Each structure stands twice: as structure tokens, then as C-alpha cells.
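S.K.: Structure below; questions to follow.
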Amino acid sequence: MNNLKLCARIGRIVYQYQVRACFIAHGDYRPSYNDNYVYMNKYYRNIKHYCTRDYNIFRNLQKYRLQCFCTTSDKKEVCLASHKDAVRKELQCYIEQKKEKLRVTEQKIKEKGNVILKDIEKTKNKVKEKVEGIIEKENVYTIPNFLCVSRILISPYLGMLILQAEFQFALAVLGVAAVTDLLDGWIARTWESQSSKVGSFLDPMADKVLIATLFLTLTYADLIPIALTGLIIARDVILVTAGFVIRYKSLPPPRTLSRYFDVTHATAQLAPTFVSKVNTGVQLLLVGSTLAAPVFHYVGHPLLQSLWYITGVTTVAAGLSYVISKNTYRFLNKSK
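Those letters in the sequence shown? Residues 1 to 336, per the working numbering, in order.
Spelled out as C-alpha cells, the structure:
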């Protein structure tokens with residue numbers, strides 16, 4: 001925007017002339033004007049003549065008050081002081097138009113900036129997803145994970161044996177499942193390459209599937225009270241649901257079904273509490289003792305009934321320990 005400065009000084013000059021003049025110090029105010037130099041009337045030409053002789057005269061000229069405004073056109077016609085208000089209004093209008101254009105341009109720049117930021121965020125998420133796919137994907141084909149999966153697959157077969165009253169064979173299969181439970185933990189702790197974050201979820205999941213199958217079938221065989229089985233199943237359902245919620249919250253965007261069920265993409269790690277480990281041991285002891293009762297003929301023994309109450313208490317305590325403890329799980333990645 002061309003700046004219009006109307007600066008004029010007029011006064012009396014004591015060198016044979018007394019003049020009243022006005023001049024422009026800088027440029028024109030409309031694009032149609034093309035004043036590359038200041039044009040003045042005949043009095044100003046005389047003043048200019050004396051100013052070139054003595055620069056101090058020109059400096060003294062600037063000390064007098066402004067008495068008139070003017071500008072010059074292509075024809076060098078002078079707009080006198082009577083047009084001052086019109087010039088000011090037109091200048092003000094021109095400034096407002098420029099301000100409006102600046103506001104519109106600023107708004108467009110902001111909108112464009114928001115679009116660019118969204119594109120950057122989208123690209124960032126895509127790059128992050130690819131990087132995580134390279135870094136976070138781990139080897140899930142380990143021996144402990146294989147043992148956990150085998151324990152899950154054994155559970156339905158074990159339940160079928162109990163329903164068919166094949167208690168001796170079922171007891172042997174339960175012994176194999178218990179051995180796999182001990183082995184997978186020992187191997188994962190001994191060899192770091194066999195440890196995986198997926199295993200921290202898979203191991204308790206396999207235990208819960210096995211125990212739930214045993215309790216349901218033994219209750220159907222009228223060897224375990226239904227109230228105790230209902231308590232254990234309800235707690236396990238709550239814990240499994242919490243595991244799905246943790247998986248969803250720990251999964252960085254975009255959250256898709258394929259990424260959600262991708263077991264190679266670890267997002268959280270579970271650390272079971274001490275009380276839950278004790279409860280798992282008590283539950284396995286109960287189902288093992290109950291399964292052996294028909295074989296060794298001690299069904300309904302008082303010690304077996306006492307073990308029911310101990311199992312119920314430890315089940316409730318284990319559920320509360322997951323709620324109270326703050327270190328039961330941790331997110332491997334936070335995307336917020």
C-alpha cells in the first residue's frame with residue numbers, strides 16, 4: 001500500500017518574495033496518479049531556486065505551520081485546501097479496503113494452515129503406525145506360548161471326559177495341563193528370547209479357560225457347589241472384559257479390528273498380583289482334589305468342603321487385588 005504523506009510548510013520568506021505554498025513530501029494516494037516528483041506552482045519554483053542556494057532556507061521553511069493541503073495529478077493540477085475532506089475520506093476508504101483484504105487473506109491463511117496441520121497429523125499417524133509395526137511386533141511363536149495354546153485346546157477335551165465320568169483319564173489329562181503351566185513360566189523366566197508380552201496375557205487366559213471348564217463340568221457332575229462356580233466364573237468374566245478394554249485403550253490410532261486382534265502387535269503388559277497367583281493355585285488344588293475324589297472314594301470329605309470356602313475367599317481377594325493394585329498392567333505405548 002502506497003503511503004500518502006501530505007507534509008507542507010508555508011510561511012513568509014524574506015528574499016524579495018512573500019509566498020503561500022503547499023507541497024507533497026511523498027508520492028500520490030491513488031494508482032491513477034503517477035507523480036514521481038513534487039510539482040509546485042510558480043511561487044514554489046522560486047522557493048526551490050533559493051533553497052538550492054542555501055539549504056538552511058529549506059529547513060527554515062519546514063518550521064512553519066501547515067495552512068493548506070494539496071496533491072498533483074498527471075496534468076499537474078493542484079487540489080486546493082477545499083478538497084482536503086474528500087481526500088481524507090477517499091484515503092480512509094482505501095485504507096479500509098486494504099484492511100479488509102488483509103483480514104480475508106489472514107482468514108485464508110488460517111484455514112490453509114488448519115488443513116496443513118490435519119494433513120501433517122494424518123501423515124504422522126501413518127508413519128507412527130508403520131514404525132510401530134516394525135518395532136513393536138514381536139515373535140509370538142515361542143515355546144511358552146505354544147504350551148499356553150495347547151492348554152486352551154486341552155480344556156474342552158478335559159471337560160468332555162468329566163461329563164462322560166472318565167475321572168481317571170481326566171485326572172491324567174489335568175496332570176499334563178498342570179505340567180504345561182509350570183513349564184511355560186519356567187522357560188519364559190529362564191530364556192529371555194522365549195519371553196513375550198503376548199504371553200503375559202495368554203498364560204492367565206489359558207488358566208482361566210481351563211479352570212472355568214473344570215468348574216462348570218464338575219458342577220454339572222454335582223461335585224462342586226454351583227454358588228462357588230458362579231462366583232469364579234463371574235470374576236473371570238470381569239477380568240477378561242477388563243483385558244479387552246485395556247487392549248482397546250492401549251492400541252494407538254487408527255483402531256481397526258485387524259490391528260486389535262493382531263497378537264504380534266503388543267500394546268500392554270499384564271503383571272498378575274501375588275494374591276491372584278495364590279488363588280490360581282488354590283483353584284487348581286480344589287479341582288484336582290475334586291476330580292480325584294471319585295477315583296479314591298472321598299467324595300464329600302469335610303476337608304474338601306473346607307477347601308470350597310478357602311477358594312471362595314481367595315477368589316474375592318484376588319479380584320479386589322486387581323482393583324487396588326496400580327501395577328497390574330502398563331501401556332507400552334501412549335498416543336495422546
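Ideal placement from N, C-alpha and C gives every residue a C-beta, glycine not left out. These figures come from a predicted structure and were not determined experimentally.
Could you have a look at A221 and say whether DSSP puts it in helix, strand or coil?
M.R.: Annotated three-state conformation of A221 is coil, per DSSP.
S.K.: Pull up the CB-CB distance for A206 and I246, whole angstroms please, since I reckon it's below 8 Å.
M.R.: Distance from A206 to I246 at the Cβ level is roughly 18 Å; contact not present, criterion being Cβ atoms closer than 8 Å.
S.K.: Just to confirm before moving on: does the CB-CB distance between T267 and L251 stay below 9 Å?
M.R.: yes
S.K.: With distance defined between alpha-carbon atoms, name the residue in I143, K122 and L210 nearest to G288.
M.R.: Distances from the alpha-carbon of G288 to those of I143, K122 and L210 put L210 closest.
S.K.: Beta-carbon within less than 8 Å of V237's beta-carbon, same chain only, minus the 5 sequence neighbours each way: which residues are those?
M.R.: Within the same chain, no Cβ atom closer than 8 Å to the Cβ of V237 is found once the five residues on either side in sequence are excluded.
S.K.: On the criterion of 16 or more Cβ atoms from any shown chain inside 10 Å, does A165 qualify as buried, or is it exposed?
M.R.: exposed
S.K.: Apart from the five residues just before and just after L202, which ones in its own chain have a Cβ nearer than 7 Å to its Cβ?
M.R.: N145 and C148
S.K.: Taking C-alpha atoms, which residue in W191, L214 and P254 lies nearest to T123?
M.R.: P254
S.K.: Applying the 10 Å Cβ sphere with the 16-neighbour rule, what's the burial state of P204?
M.R.: buried
S.K.: List, from N- to C-terminal side, the alpha helix (DSSP H) runs of 4 residues or more that fit wholly inside the segment 172-196.
M.R.: none
S.K.: Mark R235 as exposed unless 16 or more other C-beta atoms lie within 10 angstroms of its C-beta, in which case mark it buried.
M.R.: buried
S.K.: Excluding the 5 residues flanking L174 on each side, which residues of the same chain have their C-beta closer than 8 Å to its C-beta?
M.R.: So the qualifying residues of the chain are L158, L214, V287, G288 and L291.
S.K.: By the DSSP assignment, the alpha helix (DSSP H) with S321 in it spans what residues?
M.R.: P302 to I324
S.K.: Kindly list the residues whose CB is nearer than 6 Å to the CB of L163, restricted to its own chain and excluding five residues on each side of it in sequence; keep chain order.
M.R.: T217
S.K.: Just mark L320 as buried or exposed, buried being the case when its beta carbon has 16 or more other beta carbons within 10 Å.
M.R.: exposed
S.K.: In terms of residue numbering, what span does the alpha helix (DSSP H) encompassing T350 cover?
M.R.: For the chain, the structure presents residues 1 to 336; residue 350 sits outside this window and is missing.
S.K.: CB-CB under 7 Å to P225, same chain, minus the five flanking residues each way: which ones, in chain order?
M.R.: Taken in chain order, the residues that qualify are W308.
S.K.: Within the same chain, show all residues whose beta-carbon is closer than 8 Å to that of V299, passing over the 5 residues directly before and after it, in chain order.
M.R.: L223 and A293
S.K.: If you measure between the beta carbons of L171 and V295, is that distance less than 9 Å?
M.R.: yes
S.K.: Out of V115, H301 and A212, which has the shortest C-alpha to C-alpha gap to P156?
M.R.: A212
S.K.: Rounded to a whole number of angstroms, what is the C-alpha to C-alpha distance between E111 and Q97?
M.R.: 21 Å
S.K.: Within 10 angstroms of the Cβ of D119, are there 16 or more other Cβ atoms? Answer buried if so, exposed if not.
M.R.: exposed
S.K.: What do you reckon, are the CB atoms on I232 and T328 nearer than 9 Å?
M.R.: no
S.K.: If you run the structure through DSSP and keep just helix, strand and coil, what is I161?
M.R.: Inspection of the sequence shows that residue 161 is occupied by Leu rather than by Ile. Three-state DSSP puts L161 in a helix.
S.K.: Report the rounded CA-to-CA distance for Y248 versus Y260, giving the unit in angstroms.
M.R.: 7 Å
S.K.: Between L228 and T311, which are expected to be in contact by the criterion C-beta below 8 Å, what is the C-beta distance as a whole number of angstroms?
M.R.: About 6 Å separates the beta carbon of L228 from that of T311, a gap short enough to meet the 8 Å contact definition.
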